[in-house]
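To convert, take the position in the sequence shown, counting from 1, and add 1; that gives the working numbering. Note that beta-carbon positions come from the ideal geometry of N, C-alpha and C, so glycine has one too.
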Amino acid sequence: MTDSFVASVHVRWSDIDMYQHINHATMVTLLEEARIPSVDFTIGYEVRALGAPLDSKPSVIAETQLAAVHIKEQRLQRLSPAQRDYLQHWTR
Numbered sequence: 002m003t004d005s006f007v008a009s010v011h012v013r014w015s016d017i018d019m020y021q022h023i024n025h026a027t028m029v030t031l032l033e034e035a036r037i038p039s040v041d042f043t044i045g046y047e048v049r050a051l052g053a054p055l056d057s058k059p060s061v062i063a064e065t066q067l068a069a070v071h072i073k074e075q076r077l078q079r080l081s082p083a084q085r086d087y088l089q090h091w092t093r
C-alpha cells in the first residue's frame, strides 16, 4: 500500500482466550470496528502488534469488497473508470 490508514481498536478482555489469542470470528468484528473511521475507503487490511515495525510480518491480512449502490434507484451500479482509478490507490 502506498498510503496507510491506521485505526486504533481496543481489544476487550472477552476477545481473548486463555492462551492470549484472539478468536478468528472476533478478529472480523475488530476489522469491522476499524473500518468505520476509514469511511469504507480501505480495501486491504494488515494487522500488526502495537509498536511493531511497518515492514514486519502482519498477524492478520484481510480484504473488503465494496458494492456501489445507486442511492435514488436503490440498486447496485458499476463503478466508473474514474472511481476505479481512485479506489485502486488504496489496494495492496
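Extent of the continuous alpha helix (DSSP H) run through residue i
{"i": "residue 20", "result": "Here residue 20 belongs to no alpha helix (DSSP H), and DSSP marks it neither H nor E."}
Where residue i sits in the DSSP three-state scheme
{"i": "residue 88", "result": "helix"}
{"i": "residue 76", "result": "strand"}
{"i": "residue 29", "result": "helix"}
Environment of residue i [buried if 16+ CB atoms lie within 10 Å]
{"i": "residue 31", "result": "buried"}
Cβ shell of residue i (< 6 Å), same chain only, five flanking positions each side left out
{"i": "residue 62", "result": "47"}
{"i": "residue 64", "result": "45"}
First through last residue of the beta strand (DSSP E) which encompasses residue i
{"i": "residue 52", "result": "Taken as a continuous stretch (DSSP letters only), residue 52 belongs to no beta strand (DSSP E), as it is neither H nor E."}
{"i": "residue 63", "result": "61-64"}
Close beta carbons around residue i, own chain, < 7 Å, minus the five adjacent residues each side
{"i": "residue 57", "result": "49"}
Beta-carbon contacts of residue i that lie in its chain and below 8 Å, excluding the five residues immediately before and after
{"i": "residue 81", "result": "none"}
{"i": "residue 24", "result": "16, 18"}
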